[in-house]
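Residue numbers (this note's numbering): 818 to 927.
Where is the CB? At the ideal position from N, CA and C, for every residue including glycine.
Since we're looking at a predicted model, the values are computed, not measured.
Heads up: the structure comes next, in structure tokens.
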């Protein structure tokens, strides 16, 4: 895009990475070898993304995490939850309600 429309800014509108569960469609890929489905793997994915986007800082001016606020900590099992039928890549640990490490990588994107 930078070559085709150099005068336009680019925003990454929907990114994310699971901190616990395998993502649909990734079973036969190598992505989880580089970024395990752990809190540290999610943080590394985010840090690497921010580092890569810095290479294009003159073009990229936005980075948005898909469902970052998704926090179901404290909900009972009778409540229909978002993660029952949706991809789980929140920046909040649903078991304890605490912010995950990847959150702290976002301020590095300026």
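message: Taking the beta carbon of residue 914 as the centre, do at least 16 other beta carbons fall within 10 Å, making it buried, or is it exposed?
response: In the chain shown, residue 914 corresponds to position 97, counting from 1. Exposed is the call here.
- request: Taking the CB atoms as reference points, tell me whether residue 860 and residue 821 lie closer together than 8 Å.
  value: Residue mapping note: residue 860 aligns to position 43 of the chain shown, counting from 1. Residue mapping note: residue 821 aligns to position 4 of the chain shown, counting from 1. No, the pair does not count as a contact, with Cβ atoms beyond the cut-off.
- prompt: Out of curiosity, what's the CA-to-CA distance linking residue 921 and residue 883?
  reply: To locate residue 921, count along the chain shown from 1; it is residue 104. To locate residue 883, count along the chain shown from 1; it is residue 66. Approximately 16 Å, taken between the alpha carbons.
- prompt: Are the stretch 828-835 and the stretch 869-883 touching by the rule of at least three beta carbon pairs closer than 8 Å?
  reply: Output reads yes: the stretch 869-883 touches the stretch 828-835.
- prompt: So which of 907, 838, 887, 925 has the shortest CA-CA distance to residue 853?
  reply: Start at 1 with the first residue of the chain shown, and residue 853 comes out as number 36. Closest by alpha carbon: 838.
- prompt: In chain order, what residues of the same chain have a beta carbon less than 7 Å from the beta carbon of residue 885, not counting five sequence neighbours either side?
  reply: Here residue 885 refers to the residue found at position 68 of the chain shown. So the qualifying residues of the chain are 907, 908.
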